[in-house]
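Asker: The opening residue of the sequence shown carries number 563 in my numbering; numbering runs sequentially from there.
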Amino acid sequence: MKINKIYTIGLFLIAMTFNSCEEALQEEVFSFIAPENFYNSATDAEAALVGVYAGFRLIHMYDRHYMIGDMGSDDTFTGEFRGNQDRIQIDEFTVDPNNGIIRERYENAYITINRANAVISRVPGIEMNSQQRENIVNQARFLRALLYFDLVQLFGNVPLKIEETLNVNDVASPRVDFNRIYDEVIIPDLQAAESLPESPRLEGQATNTSAKALLARVYLARAGNDPNSPYWALARNKANEVIESGQHRLLNDFRDVFQVENQNSQEHVFSIQFSSLQGVGSSFQEFFMPRGINSTTGNGNGVNEPTPDIVQAYEEGDLRYNTTFLLELPLANGTSNFYDPKGSCQGFPTPCIPQPYIGKYLEIAPPRGNLNYPILRYSDVLLMYAEAANEANGGPTGEAYSAINQVRNRAGLPDLAQGLSRDQFRQAVRHERRVELAFEGIRRYDLVRWGTLLEVTREHFQRFYPNLSGNVRDHHLLFPIPQREIDLNPGISLADQNPGY
């Protein structure tokens, strides 16, 4: 039983006050039950937790995470369908405080945090099995940590809400230093979630290795680009706990990772669950497929396309290439459409479209697809371990080599050369993260924590889109606090806006 089987309860109606897209919530909320009349049984507690998970599928949350994590970097751009100015702003580094995508990401994160806060505060008062109660609370804490981790990386200082918001009189909340949010919420919540069981009770729920892997990622973000940070060792140790747990492994074939039948495999440490059959399908098929192509897999909008830079980043013989990119697509008339990543179409059969598309999430399905969105994969854990071990040790260890080589070998690539310096190994890990985790929404976050976002995107624009090279400014390390938040939150004034906006 997957957790995306939504229980349509009215507990979360109060959150609609702060929602920018009522349509997204109308599918989940049909009646109102006051909180004091709802949290009475284990069934209520489980349903409330499902409501928290459902929040990750609200508009511009993880269904469209790529619009920030990939399009806001050097990996993808908004392609054929350029009718949405909000996407163009992210793509071209011209975001302003009225950007609708950024606003909805911010608002829906807090809607979901409010749901998590309700579970964390109210479920302990329910008479039910103590282990089940603890499990539900710690899952909510894991999810709250993930949301706040996302917010501080995107916006820096943000309001800290750890109590349930019940009415508009409670919304006033100032921005809080992001270090405090790490120390008081993100890290403690994940440490509590480490007590979750090894196996989820419902498919897709967080486990103890989900918490450990996310904590490793948090420690990497805290380490930043400081070679002397103590967080490197913490990240290494936490990633190693996932490795040593024996709960996860790489699938033998990279292609299998992105098949519906394998999407909750041992390689998947935590994923956002989608299912078109249950009314909560993903939009990957719709947004990643070519526009106006009558294929057997359905039509798309060509919204999110790979940049020439990422297409050229793969080594010769990398087996991930043919899965990561869409190179041939069966058409409904029985012929095929071929895609030439080199952009020339010379020597290719007709018809040919001279740009690649994203192939990772391709499935034979309606526009609303069934593939989950991976937040943490085991290959990511191995690469986090390799990176952290190299930095903590002042150079690569044997275990660091072993971790990265497992990922490379599955891709059909040879082991890294021995004797690499700390910086050489660092660059090798950074390259491997890019090509292994392409289009999984992690690229921008990696570039920010490495301190290279501005340099990399400026160089990228200069090479491929020189007319945009002047757009990248120092303040683009963070997104603006949405203008509507400033207008409606008495705790935040215009003077509190991030610099440059």
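Just so you know, even glycine gets a beta-carbon here, dropped at the ideal spot from N, CA and C. Everything numeric in this text was worked out from a predicted model, so none of it was measured.
Per DSSP, what kind of secondary structure is residue 1007 in: helix, strand or coil?
Answerer: Counting from one through the sequence shown, the residue named residue 1007 turns up at place 445. DSSP places residue 1007 in helix when its eight states are reduced to three.
Asker: Sort 658, 675, 1057 and 769 by Cα distance to residue 617 and report the nearest one.
Answerer: For the purposes of this step, residue 617 is taken as residue 55 along the sequence shown, with counting starting at 1. Selected option, being the one with the closest Cα: 675.
Asker: Going straight from the alpha carbon of residue 1063 to that of residue 1040, what length do you get?
Answerer: Within the sequence shown, the letter at position 501 stands for residue 1063. Within the sequence shown, the letter at position 478 stands for residue 1040. Each residue's alpha carbon lies about 10 Å from the other.
Asker: Determine, using beta-carbon pairs with one atom in the stretch 725-744 and one in the stretch 764-779, whether at least three such pairs fall under 8 Å.
Answerer: Touching, no.
Asker: Per DSSP, what are the beta-bridge partners of residue 935 in this structure?
Answerer: On the sequence shown, position 373 is the one that residue 935 refers to. 834.
Asker: Which residue or residues does DSSP assign as beta-bridge partners of residue 866?
Answerer: Start at 1 with the first residue of the sequence shown, and residue 866 comes out as number 304. 640, per the DSSP bridge assignment.
Asker: When DSSP labels each residue in this structure, what does residue 686 get in the three-state scheme?
Answerer: For the purposes of this step, residue 686 is taken as the residue at position 124 of the sequence shown. If DSSP states are grouped into helix, strand and coil, residue 686 belongs with the helices.
Asker: So the alpha helix (DSSP H) residue 617 belongs to, where does it begin and stop?
Answerer: Here residue 617 refers to the residue found at position 55 when the sequence shown is read from its first residue. Segment 604-617, the alpha helix (DSSP H) holding residue 617.
Asker: Inspect the beta-carbon positions of residue 865 and residue 640 and report whether they are closer than 7 Å.
Answerer: The count along the sequence shown starts at 1 and reaches residue 865 at position 303. The count along the sequence shown starts at 1 and reaches residue 640 at position 78. A contact, by the Cβ cut-off of 7 Å.
Asker: Under the three-state reduction of DSSP, which class applies to residue 1068: helix, strand or coil?
Answerer: In the structure as shown, the chain starts at 563 and stops at 1063, and residue 1068 therefore has no counterpart that could be examined.
Asker: Nearest-angstrom Cα distance between residue 966 and residue 991?
Answerer: Counting from one through the sequence shown, the residue named residue 966 turns up at place 404. Counting from one through the sequence shown, the residue named residue 991 turns up at place 429. So the two alpha carbons sit approximately 7 Å from each other.
Asker: Excluding the five sequence neighbours on either side, which residues of its own chain have a C-beta within less than 8 Å of the C-beta of residue 721, listed in chain order?
Answerer: Along the sequence shown, one-based indexing puts residue 721 at 159. Cβ within range, chain order: 672, 735, 736, 737, 738, 1051, 1053 and 1054.
Asker: Say whether the stretch 939-956 touches the stretch 786-800, bearing in mind that this needs 3 or more beta-carbon pairs closer than 8 Å, one atom from each stretch.
Answerer: Output reads yes: the stretch 786-800 touches the stretch 939-956.
Asker: Looking at C-alpha atoms only, which residue of 835, 947 and 977 is the closest neighbour of residue 937?
Answerer: What you label residue 937 is simply residue 375 of the sequence shown in a count that begins at 1. Looking at the Cα atoms, 835 is the closest of the given residues.
Asker: For the 8 Å Cβ check, are there 3 or more pairs between the stretch 1006-1019 and the stretch 962-981?
Answerer: No, because fewer than three Cβ pairs between the stretch 1006-1019 and the stretch 962-981 fall closer than 8 Å, the two stretches do not touch.
Asker: Would you mind listing the alpha helix (DSSP H) stretches within the stretch 755-789 that are 4+ residues and don't spill past its ends, in chain order?
Answerer: As far as the stretch 755-789 is concerned, its whole alpha helix (DSSP H) runs of at least 4 residues are 770-785.
Asker: Using a Cβ-Cβ cut-off of 6 Å (strictly less than) and excluding sequence neighbours within five positions of residue 755, which residues of its own chain qualify?
Answerer: As a first step, residue 755 must be located in the sequence shown, where it is residue number 193. 700, 703, 704 and 773.
Asker: Taking 7 Å as the cut-off, decide whether the C-beta atoms of residue 828 and residue 817 are in contact.
Answerer: Mapped onto the sequence shown, residue 828 falls at position 266. Mapped onto the sequence shown, residue 817 falls at position 255. The answer is no: Cβ separation not under 7 Å.
Asker: Using the Cα positions of residue 759 and residue 647, report the straight-line distance between them to the nearest angstrom.
Answerer: Counting from one through the sequence shown, the residue named residue 759 turns up at place 197. Counting from one through the sequence shown, the residue named residue 647 turns up at place 85. Their Cα atoms are separated by approximately 44 Å.
Asker: Keeping to the same chain, check which residues put their C-beta closer than 8 Å to that of residue 1044; ignore five residues upstream and five downstream.
Answerer: Here residue 1044 refers to the residue found at position 482 of the sequence shown. Taken in chain order, the residues that qualify are 659, 660, 661, 664, 665, 668 and 669.
Asker: Based on the DSSP secondary-structure assignment, which residues constitute the bridge partners of residue 873?
Answerer: For the purposes of this step, residue 873 is taken as residue 311 along the sequence shown, with counting starting at 1. Answer by DSSP bridge pairing: none, since residue 873 is not bridged.
Asker: Pick helix, strand or coil for residue 601, following the three-state DSSP scheme.
Answerer: By 1-based counting over the sequence shown, the position of residue 601 is 39. Coil.
Asker: Apart from the five residues just before and just after residue 654, which ones in its own chain have a Cβ nearer than 7 Å to its Cβ?
Answerer: Along the sequence shown, read from residue 1 onward, the residue named residue 654 stands at position 92. Excluding residues within five positions, the ones whose Cβ falls inside 7 Å are 1030 and 1033.
Asker: Report the three-state DSSP secondary structure of residue 896 (helix, strand or coil).
Answerer: Translated into positions along the sequence shown, residue 896 becomes position 334. Confidence at residue 896 is low in this model, with a pLDDT of 48, below 50, so its placement is unreliable and the value that follows should be read with caution. In this structure, residue 896 counts as coil in the three-state DSSP scheme.
Asker: Using CA coordinates, which residue listed in 1038, 1036, 1059 and 970 is at the minimum distance from residue 1046?
Answerer: As a working note, residue 1046 is residue 484 in the sequence shown. Considering only alpha carbons, the answer is 1059.
Asker: Whole angstroms is fine: what's the gap from residue 725's alpha carbon to residue 1004's?
Answerer: In the sequence shown, the residue the question calls residue 725 occupies position 163. In the sequence shown, the residue the question calls residue 1004 occupies position 442. So the two alpha carbons sit approximately 29 Å from each other.
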